[in-house]
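Numbering (full-length UniProt numbering), first residue to last: 1 to 99.
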Amino acid sequence: MEERDKMLYSKEQNTVPSLRKALKEIAMEKDVAVVSRKRVKEAEDEQYRGEEDAASLRAELNLIQQQTMGTSFVGVSPDQVLEKEMAKLKLELQGIPKP
């Protein structure tokens with residue numbers, strides 16, 4: 001019986017550390033998965049905000065184009081007005097105050 005107990009003890013001594021190591025690896029992989037999911041969610045949110053901004057800019061650009069087509073400016077072409085408005089919008093997006 002003693003021989004058998006020694007073998008069991010030896011197997012236990014060899015098995016427990018490898019099981020602990022495997023559990024640590026699983027825990028690390030789980031942490032990586034959680035962080036990865038969070039980053040994917042943040043990227044999706046940022047993409048959604050970017051698409052909303054782009055849609056808003058397209059709508060504003062269309063409005064500006066319609067306004068320039070219906071308005072006559074003395075000495076200023078509709079293209080110049082449009083370019084100025086686009087530059088102003090670009091500065092707004094970059095967080096720079098309007099000139």
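Using N, Cα and C, we set each Cβ at its ideal position, and we do this for glycine too.
Bear in mind the structure is a predicted one, so any value in this text is a computation, not a measurement.
Between the stretch 31-39 and the stretch 51-59, the count of Cβ pairs shorter than 8 Å is below three; the stretches do not touch.
Excluding the 5 residues flanking it on each side, V34 has no same chain C-beta neighbour closer than 7 Å. Inter-residue distance for V81 and E52 is about 25 Å (C-alpha atoms, whole angstroms).
Assigned with DSSP and collapsed to three states, Q66 falls in helix. Taking Q66 as reference, the option from V32, Y48, E29, E85 with the minimal CA-CA separation is E85.
Counted as a single uninterrupted DSSP element, the alpha helix (DSSP H) harbouring M86 occupies residues 78-93.
Nearest neighbour of E92 by Cα position, chosen from S18, D79, E60, L19, turns out to be E60.
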